[in-house]
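J.: I am attaching a structure below and will ask some questions about it afterwards.
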Amino acid sequence: MKVSIVGVGKVGVTLGYSIVLKGLATDLVLVSRNVDRIRGEALDLQHAAALGPTRVRVHSGDIEATRNSNVVVLALAQSAEQGGHTLDRIASAKPNAQLFQEVVPKIAQLSPDAILLVVTNPVDVLTYATLKLSGFDRHRVLGTGTLIDSARFRTLLSAHYEIHSDDIRAYVLGEHGESQFPVLSAVYAGGWYMGKDPEVKRAFEKTLSVAPEVFLAKGYTNFAVASAAAMVLQAIKENSHHTMPVSTLVDGYYGIEDVCLSLPAVIGKEGIAQVLSIALSEEEQAQLRFSAQHLSSVNQSLAQFWSSSTP
């Protein structure tokens, strides 16, 4: 499987290392504006691959090097000096949408059968932008979305209840941002329904502050989001049909249409095999609609970036 990472900052290079470490690709291509640095990163990763479980060929190059990729990971973002904003995801929407406008149509032409995985924030808005700019089928465009938030939520629940996080079923859905919400009506561990315990809601409230806490302490986040992207890549490579909350185009789910946000999706070799229609409480439905309305308004404000582009 050929995987290209476009945008090799701290998240991109961490993902590259995860791919090499887990043998998730036979060919790994790194693309970045800093040619000298990514050449060094590619060499370093190639040396690491020699100590890994499988043979991985690591290359660096420009967009042309992504040709005929099976998966292209979009991790490119504008720097703070160029209008990007690491802590406020929505504030980065316009500069990053402009960057995607320049890059995504080229990627779509070079790899017309690829799956496009969006990591850059605001991930839901940029997943929608990627869908529009590429012209790809909806099942081949997805974002890491609230997969990260759900993992953080489960981690906090695991610590409190002393239950392994893998055994806890707990989703955070909607926007990967301020309007996200926990599906308290479907929090389980070993068949035990946990959602009515006030501690579960408190754990979610802590989840909202975790990413800013990490950012303020170290200046960026990289391991969790790279691990989330690697998890998606592994499901694609192995065609495992693993279920995870990822950002996907919503069309008719509880009356919501034409917006990308996170719902539980089954991931396989073709991308999103299906989106699961889970039963939400009335309060959760309202939260989902609020999240959708918020993201739709951001999308509308950025429509100029894809309405003038022809995939």
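Heads up: the sequence shown begins at 1 in UniProt numbering, then just goes up one per residue.
Quick reminder that beta carbons are idealized off the backbone N, C-alpha and C, glycines included.
Check whether the Cβ of Asp-27 lies closer than 8 Å to any heavy atom of the ligand FMN, and answer yes or no.
T.: With respect to the ligand FMN, the structure offers nothing, as it holds no ligand at all.
J.: Enumerate, from N- to C-terminal direction, the unbroken alpha helix (DSSP H) stretches of 4 or more residues contained entirely within the UniProt domain "Lactate/malate dehydrogenase N-terminal" (1-143).
T.: 10-22, 35-49, 93-110 and 123-134
J.: Would Ala-93 and Ser-307 qualify as a contact pair, given that the criterion is a beta-carbon distance under 9 Å?
T.: In the sequence shown, residue 93 corresponds to position 93, counting from 1. In the sequence shown, residue 307 corresponds to position 307, counting from 1. Not in contact: Ala-93 and Ser-307 (Cβ atoms no closer than 9 Å).
J.: Do Leu-295 and Ile-278 have their CB atoms nearer than 9 Å?
T.: For this step, residue 295 is matched to residue 295 along the sequence shown. For this step, residue 278 is matched to residue 278 along the sequence shown. No; because the gap between Cβ atoms is not below 9 Å, this pair is not in contact.
J.: Below 7 Å CB to CB, which residues in the same chain sit around Asn-96 once its five sequence neighbours on both sides are set aside?
T.: As a first step, residue 96 is located in the sequence shown; it is residue number 96 there, counting from the start. Here the set comprises Ala-77, Gln-78, Gly-84, Thr-120 and Leu-126.
J.: Going by C-alpha distance, which of Ser-297, Ser-227 and Gln-234 is nearest Asp-258?
T.: Translated into the one-based positions of the sequence shown, residue 258 becomes position 258. Nearest option by C-alpha distance: Ser-297.
J.: Who are the Cβ neighbours of Thr-54 in its own chain at under 6 Å, not counting the five residues just before and after it?
T.: As a first step, residue 54 must be located in the sequence shown, where it is residue number 54. Within the same chain, Thr-54 has close Cβ partners Gly-23.
J.: Identify whether Tyr-220 lies in helix, strand or coil by the three-state DSSP scheme.
T.: Translated into the one-based positions of the sequence shown, residue 220 becomes position 220. Coil, per DSSP.
J.: How is the beta strand (DSSP E) around Tyr-253 delimited, first residue to last?
T.: In the sequence shown, counting from the first residue as 1, residue 253 sits at position 253. From DSSP, the beta strand (DSSP E) with Tyr-253 extends over 242-253.
J.: Would you kindly work out how many angstroms separate the C-alpha atoms of Gly-7 and Gly-255, rounded to a whole number?
T.: Position 7 of the sequence shown, counted from the first residue, corresponds to residue 7. Position 255 of the sequence shown, counted from the first residue, corresponds to residue 255. Between Gly-7 and Gly-255, the C-alpha separation is close to 35 Å.
J.: Taking Thr-66 and Leu-110 to be in contact with their CB atoms under 8 Å, please state how far apart those CB atoms are, rounded to whole angstroms.
T.: Numbered from 1 along the sequence shown, position 66 holds the residue referred to as residue 66. Numbered from 1 along the sequence shown, position 110 holds the residue referred to as residue 110. Between the beta-carbon of Thr-66 and that of Leu-110 there is about 6 Å, and that keeps the pair under the 8 Å contact cut.
J.: Looking only at its chain, what residues have a beta carbon closer than 6 Å to the beta carbon of Arg-152, apart from the 5 residues adjacent to it on each side?
T.: Mapped onto the sequence shown, residue 152 falls at position 152. These residues qualify, in order along the chain: Thr-207 and Val-210.
J.: Ile-148 to Phe-305, Cα distance in whole Å?
T.: Here residue 148 corresponds to residue number 148 of the sequence shown, with the count starting at 1. Here residue 305 corresponds to residue number 305 of the sequence shown, with the count starting at 1. Near 27 Å, if we compare the C-alpha coordinates of Phe-305 and Ile-148.
J.: Whole angstroms are fine: how far does the CA of Leu-30 sit from the CA of Glu-102?
T.: Walking along the sequence shown from the start, residue 102 turns up at place 102. Walking along the sequence shown from the start, residue 30 turns up at place 30. When rounded, the distance between both Cα atoms is 18 Å.
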